[in-house]
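Peer 1:
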Amino acid sequence: MIRATGLRKKYGDLEAVRGIDVEVRPGESFGFLGPNGAGKSSTMRMIAAVSPPSGGELSILGMDPAVDGPSIRARIGVCPQEDTLDNELNVRDNLVVYGRYFGIPKAEVSSRADELLAFVQLTDKAKAKVEDLSGGMKRRLTIARSLVNNPDLLLLDEPTTGLDPQARHLLWDRLFRLKQQGVTLVLTTHYMDEAEQLCDRLVVMDGGLIVAEGSPLSLIQQHSTREVAELRFGVGEHESLATKVEDLAERVEVLPDRLLLYTSDGEATLAKVHERGLDPVAVLVRRSTLEDVFLRLTGRTLVD
Amino acid sequence: MSTISPLPSWTMVWRQTDYWTTVYKRTWKGTAITSFVMPLFYVGAMGVLLGGFIDSGDAQLEGAASYLAFVAPGLVAAHAMQTATGEVTWPVMGMIKWHRTYYGMTATPLAVADVVAAHLMFVVFRVATSCGVFLVVMSFFGVFESVAGVLVAFFVQVLIGMSFAGIFFAYAATLKSEAGFAVIYRLLVMPLFLFSGAFFPVANLSAPLELLAKLTPLWHGVDLTRMLVLDRVDGPLALVHVAYLVVLSAVGWWLAVWRLDKRLEV
Numbered sequence: 001m002i003r004a005t006g007l008r009k010k011y012g013d014l015e016a017v018r019g020i021d022v023e024v025r026p027g028e029s030f031g032f033l034g035p036n037g038a039g040k041s042s043t044m045r046m047i048a049a050v051s052p053p054s055g056g057e058l059s060i061l062g063m064d065p066a067v068d069g070p071s072i073r074a075r076i077g078v079c080p081q082e083d084t085l086d087n088e089l090n091v092r093d094n095l096v097v098y099g100r101y102f103g104i105p106k107a108e109v110s111s112r113a114d115e116l117l118a119f120v121q122l123t124d125k126a127k128a129k130v131e132d133l134s135g136g137m138k139r140r141l142t143i144a145r146s147l148v149n150n151p152d153l154l155l156l157d158e159p160t161t162g163l164d165p166q167a168r169h170l171l172w173d174r175l176f177r178l179k180q181q182g183v184t185l186v187l188t189t190h191y192m193d194e195a196e197q198l199c200d201r202l203v204v205m206d207g208g209l210i211v212a213e214g215s216p217l218s219l220i221q222q223h224s225t226r227e228v229a230e231l232r233f234g235v236g237e238h239e240s241l242a243t244k245v246e247d248l249a250e251r252v253e254v255l256p257d258r259l260l261l262y263t264s265d266g267e268a269t270l271a272k273v274h275e276r277g278l279d280p281v282a283v284l285v286r287r288s289t290l291e292d293v294f295l296r297l298t299g300r301t302l303v304d
Numbered sequence: 305m306s307t308i309s310p311l312p313s314w315t316m317v318w319r320q321t322d323y324w325t326t327v328y329k330r331t332w333k334g335t336a337i338t339s340f341v342m343p344l345f346y347v348g349a350m351g352v353l354l355g356g357f358i359d360s361g362d363a364q365l366e367g368a369a370s371y372l373a374f375v376a377p378g379l380v381a382a383h384a385m386q387t388a389t390g391e392v393t394w395p396v397m398g399m400i401k402w403h404r405t406y407y408g409m410t411a412t413p414l415a416v417a418d419v420v421a422a423h424l425m426f427v428v429f430r431v432a433t434s435c436g437v438f439l440v441v442m443s444f445f446g447v448f449e450s451v452a453g454v455l456v457a458f459f460v461q462v463l464i465g466m467s468f469a470g471i472f473f474a475y476a477a478t479l480k481s482e483a484g485f486a487v488i489y490r491l492l493v494m495p496l497f498l499f500s501g502a503f504f505p506v507a508n509l510s511a512p513l514e515l516l517a518k519l520t521p522l523w524h525g526v527d528l529t530r531m532l533v534l535d536r537v538d539g540p541l542a543l544v545h546v547a548y549l550v551v552l553s554a555v556g557w558w559l560a561v562w563r564l565d566k567r568l569e570v
């Protein structure tokens, strides 16, 4: 579906994407995980055939975006990071007007709009103004709009950023259904839970480069331990206490507000911490996540 | 956006009809007063009431039988400029910055050139309807000398509109904040409205200012409109007017596509 080799994007002196290789296969759900400014959105805009690459090769649905931009865009759906809905049109008209840009006949786009409203659970809002929708509803409408042309490939840039947990789960459920219908999904996110929920395979991006690639599970197995014990001490104590526990874990990360002990058995490690007479204010034992992978690979957290 | 060709695909332009129809449906009431009623206020105040005090022969009024007959074509041409300008300043910025409509449009098979062309076609529609109504109403005042001239003048209004639309579209696509619009309205649109020969013959200006006035697109539009409706066409000069306005329209159109393409790329 997508094949990129040595892909680059420059804006003046700033190089947002510094040579990445990516391959997305039909039917899979592929993610770009990384913090803000990692080059995810720039990559997405190149894949969406709206931003010409500054270097490298890019093929989308077997076509070259520099030559076949309109044909590529006819077969993909784009859910941008910032909503581009028409606030002054009602919900249903947003879908109908957008469908017309793809040259879909009026009668067809009309029935398609009704199907999509049902799919994103907005049927009873069909006549409502977009301005009056909640953030989560707007996102669902944007997703419905991106599906109006029955795309082979759906691009989602930060689909759930800024939504409350309930709205996120509703959206994930809809995306999961699309995936089951065989739609190829490509999404960017800086939420590791979103990447774990939705992606079959993902790349971790940092500073315009890909720093790791694989399934969420394989990335965790490769770059982290099975469990993590989090210890919270008083303010400013973490740095000095790290040396007292570093032999208890495979690896210790010091964050401003807590210590992370990477270990195969979190409870056992915790018991040993207590044996040494250390008394953390709060403790938590959990499974490793992609957040830990990112921390390991870049030395930084995903969400600042 | 991949290739900057200013030439649109007319199929793609046609696909945006539904969008612009809905835009017009929701805005026509708001623009009806400025489009259809304001021009008549000007005609009443300047042409009829103020014009009643103006007692000049046709020699000083470029061949018009009365001041009303002189000022009417000027007001129509100025109205074409103002209507076109109004449709490409705040609306273009809104579609880039506030509603991000252009970003949504260009994520589909539509290219930047198609989007610009459709927007400019909407300007054509707005100028044609509001100046068309203006010309029809004025014809009842008995100020026009030639029916054929008025018909040609109708198309000239569209051309005047386009000669401003492209340039100001490009300007709006470059601006980061709406403060820049106050500048063009105060320093360009208003002075052009007042000094480009709509209200008085530019020969009344001092020589340097007269030359300056004759360099402005509005003067070419006003003079062309006036010679058409008064049936006093000066062939070679009319061709110069048309050529000037066509070139400016084409350059403006090209600039608009180029600037919007640059703006949407980032």
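So the sequence lines, in the order shown, correspond to chains G and H. Its first residue numbered 1, the first sequence is counted upward by one per residue in my numbering. Its first residue numbered 305, the second sequence is counted upward by one per residue in my numbering. No residue lacks a Cβ here, since even glycine has one placed at the ideal position from N, Cα and C. From a predicted model like this one, the values you see are computed outputs, not experimental measurements.
(1) Give me the DSSP bridge partner(s) of N90/G.
(2) May I have the straight-line CA-CA distance separating P495/H from R45/G, to the nearest angstrom?
(3) Between the region 313–333 of chain H and the region 85–101 of chain G, do three or more beta carbon pairs fall short of 8 Å?
(4) According to DSSP, which residues form a beta bridge with I210/G?
(5) By the three-class DSSP mapping on this structure, what secondary structure does M409/H have?
(6) Below 8 Å, can you find three or more Cβ-Cβ pairs linking the region 394–408 of chain H to the region 428–438 of chain H?
(7) Pull the bridge partners of I60/G from the DSSP assignment, please.
(8) Note down the Cα distance separating H274/G from W172/G, rounded to an integer number of angstroms.
(9) Hey, is R8/G's beta-carbon within less than 8 Å of any beta-carbon in chain H?
(10) DSSP three-state call for D68/G: helix, strand or coil?
(11) When DSSP labels each residue in this structure, what does S134/G get in the three-state scheme?
(12) Contact between the region 225–240 of chain G and the region 281–297 of chain G is defined here as three or more beta-carbon pairs at a separation below 8 Å; is this criterion met?
(13) Is the CB of T529/H under 8 Å away from at least one CB in chain G?
(14) Which of the three DSSP states is assigned to R25/G in this structure?
(15) Are the CB atoms of S309/H and A417/H nearer to each other than 8 Å?
(16) In angstroms, rounded to a whole number, what distance separates the CA positions of D83/G and W318/H?
(17) Expressed to the nearest angstrom, what Euclidean distance is found between the alpha-carbon atoms of A517/H and V546/H?
(18) Could you work out which residue in I471/H, L509/H, G348/H and F374/H is closest to A554/H when comparing CA atoms only?
(19) Please confirm if Q320/H has its CB atom under 8 Å from at least one CB of chain G.
(20) T188/G and S29/G: beta carbons closer than 8 Å?
(21) If the criterion is Cβ atoms closer than 8 Å, does the pair L7/G and G19/G meet it?
(22) For the structure I just gave you, are there three or more beta carbon pairs, one from the region 201–208 of chain G and one from the region 164–179 of chain G, closer than 8 Å?
(23) Among N149/G, Q81/G, L95/G and G99/G, which has the Cα closest to the Cα of T123/G?
(24) Where does L534/H land, buried or exposed, given buried means 16+ other C-beta within 10 angstroms?
(25) So I76/G is in the beta strand (DSSP E); what residue range does that whole segment cover?
(26) Start and end of the beta strand (DSSP E) containing E227/G?
(27) Are the region 483–499 of chain H and the region 345–352 of chain H in contact at 8 Å, needing three or more beta carbon pairs?
(28) Which of helix, strand or coil does DSSP assign to E108/G?
(29) Does the beta-carbon distance from A457/H to L532/H come in below 8 Å?
(30) By how many angstroms is the C-alpha of N36/G removed from the C-alpha of T338/H?
(31) With a threshold of 8 Å between beta carbons, is A411/H in contact with chain G?
(32) Can you tell me which of the three DSSP states R251/G falls into?
(33) Cα separation between A376/H and P540/H?
(34) With DSSP run on the structure shown, which of helix, strand or coil describes F444/H?
(35) Just to confirm before moving on: does the CB-CB distance between S500/H and L522/H stay below 8 Å?
(36) Taking only three categories from DSSP, how would you classify R530/H?
Peer 2: Quick answer:
(1) Here residue 90/G refers to the residue found at position 90 of the first sequence. Paired residues: K129/G.
(2) On the second sequence, position 191 is the one that residue 495/H refers to. On the first sequence, position 45 is the one that residue 45/G refers to. Answer to the nearest angstrom: the Cα atoms are 43 Å apart.
(3) The answer is yes - the region 85–101 of chain G touches the region 313–333 of chain H, with three or more Cβ pairs under 8 Å.
(4) Taking the first residue of the first sequence as position 1, residue 210/G is located at position 210. Beta-bridge pairing links I210/G to M205/G.
(5) Translated into positions along the second sequence, residue 409/H becomes position 105. In this structure, M409/H counts as helix in the three-state DSSP scheme.
(6) Contact between the region 394–408 of chain H and the region 428–438 of chain H is not established, with fewer than three Cβ pairs separated by less than 8 Å.
(7) The sequence position of residue 60/G within the first sequence is 60, counting from 1. DSSP lists I2/G and M63/G as the bridge partner or partners of I60/G.
(8) Mapped onto the first sequence, residue 274/G falls at position 274. Mapped onto the first sequence, residue 172/G falls at position 172. Taking C-alpha positions only, H274/G is separated from W172/G by approximately 40 Å.
(9) Sequence index remark: in the first sequence, residue 8/G carries index 8 (1-based). Among the CB atoms of chain H, none fall inside 8 Å of the CB of R8/G.
(10) What you label residue 68/G is simply residue 68 of the first sequence in a count that begins at 1. Secondary structure of D68/G (DSSP, three-state): helix.
(11) Translated into positions along the first sequence, residue 134/G becomes position 134. The answer is coil: DSSP assigns S134/G none of H, G, I, E or B.
(12) The region 225–240 of chain G makes contact with the region 281–297 of chain G; the number of CB pairs closer than 8 Å reaches 3 or more.
(13) Start at 1 with the first residue of the second sequence, and residue 529/H comes out as number 225. No, T529/H lies away from the interface with chain G (no Cβ there is under 8 Å from its Cβ).
(14) The count along the first sequence starts at 1 and reaches residue 25/G at position 25. R25/G falls in the coil class under three-state DSSP.
(15) By one-based count along the second sequence, residue 309/H stands at place 5. By one-based count along the second sequence, residue 417/H stands at place 113. Contact flag set, yes.
(16) Reading the first sequence from its first residue, position 83 is the one you call residue 83/G. Reading the second sequence from its first residue, position 14 is the one you call residue 318/H. Spanning the alpha carbons of D83/G and W318/H requires a straight line of approximately 25 Å.
(17) Within the second sequence, residue 517/H is the residue found at index 213, counting from 1. Within the second sequence, residue 546/H is the residue found at index 242, counting from 1. Rounded to the nearest angstrom, the two C-alpha atoms are 17 Å apart.
(18) Within the second sequence, residue 554/H is the residue found at index 250, counting from 1. Measuring from the Cα of A554/H, the nearest candidate turns out to be I471/H.
(19) Taking the first residue of the second sequence as position 1, residue 320/H is located at position 16. Among the residues facing chain G, Q320/H is included, as its CB has a counterpart in that chain under 8 Å away.
(20) As a working mapping, residue 188/G is identified with position 188 in the first sequence. As a working mapping, residue 29/G is identified with position 29 in the first sequence. Result no, Cβ atoms of T188/G and S29/G do not sit closer than 8 Å.
(21) Start at 1 with the first residue of the first sequence, and residue 7/G comes out as number 7. Start at 1 with the first residue of the first sequence, and residue 19/G comes out as number 19. Yes, the pair counts as a contact, with Cβ atoms nearer than the cut-off.
(22) In this structure the region 201–208 of chain G does not touch the region 164–179 of chain G; the number of beta carbon pairs closer than 8 Å is below three.
(23) In the first sequence, the residue the question calls residue 123/G occupies position 123. Closest option to T123/G, Cα to Cα, is L95/G.
(24) Residue 534/H sits at position 230 when you count from the first residue of the second sequence. Buried.
(25) Position 76 of the first sequence holds residue 76/G. Residue range I76 to C79 is occupied by the beta strand (DSSP E) that includes I76/G.
(26) Translated into positions along the first sequence, residue 227/G becomes position 227. Per DSSP, E227/G belongs to the beta strand (DSSP E) from E227 to R232.
(27) Judged by Cβ distances under 8 Å, the region 483–499 of chain H makes no contact with the region 345–352 of chain H, as fewer than three pairs qualify.
(28) Here the question's residue 108/G lines up with position 108 in the first sequence. Helix at E108/G.
(29) Working through the second sequence from its first residue, we reach residue 457/H at position 153. Working through the second sequence from its first residue, we reach residue 532/H at position 228. The answer is yes: Cβ separation under 8 Å.
(30) Walking along the second sequence from the start, residue 338/H turns up at place 34. Walking along the first sequence from the start, residue 36/G turns up at place 36. Per the coordinates, the alpha-carbon of T338/H lies some 46 Å from the alpha-carbon of N36/G.
(31) As a position in the second sequence, residue 411/H is number 107, starting the count at 1. Using a CB distance cut-off of 8 Å, A411/H counts as an interface residue toward chain G.
(32) What you label residue 251/G is simply residue 251 of the first sequence in a count that begins at 1. Residue state, collapsed to three classes: strand.
(33) Within the second sequence, the letter at position 72 stands for residue 376/H. Within the second sequence, the letter at position 236 stands for residue 540/H. C-alpha separation (whole angstroms): 23 Å.
(34) Walking along the second sequence from the start, residue 444/H turns up at place 140. Coil, per DSSP.
(35) For this step, residue 500/H is matched to residue 196 along the second sequence. For this step, residue 522/H is matched to residue 218 along the second sequence. Between S500/H and L522/H, the gap from beta carbon to beta carbon is short of 8 Å.
(36) Taking the first residue of the second sequence as position 1, residue 530/H is located at position 226. Taken through DSSP and simplified to helix, strand or coil, R530/H comes out as helix.
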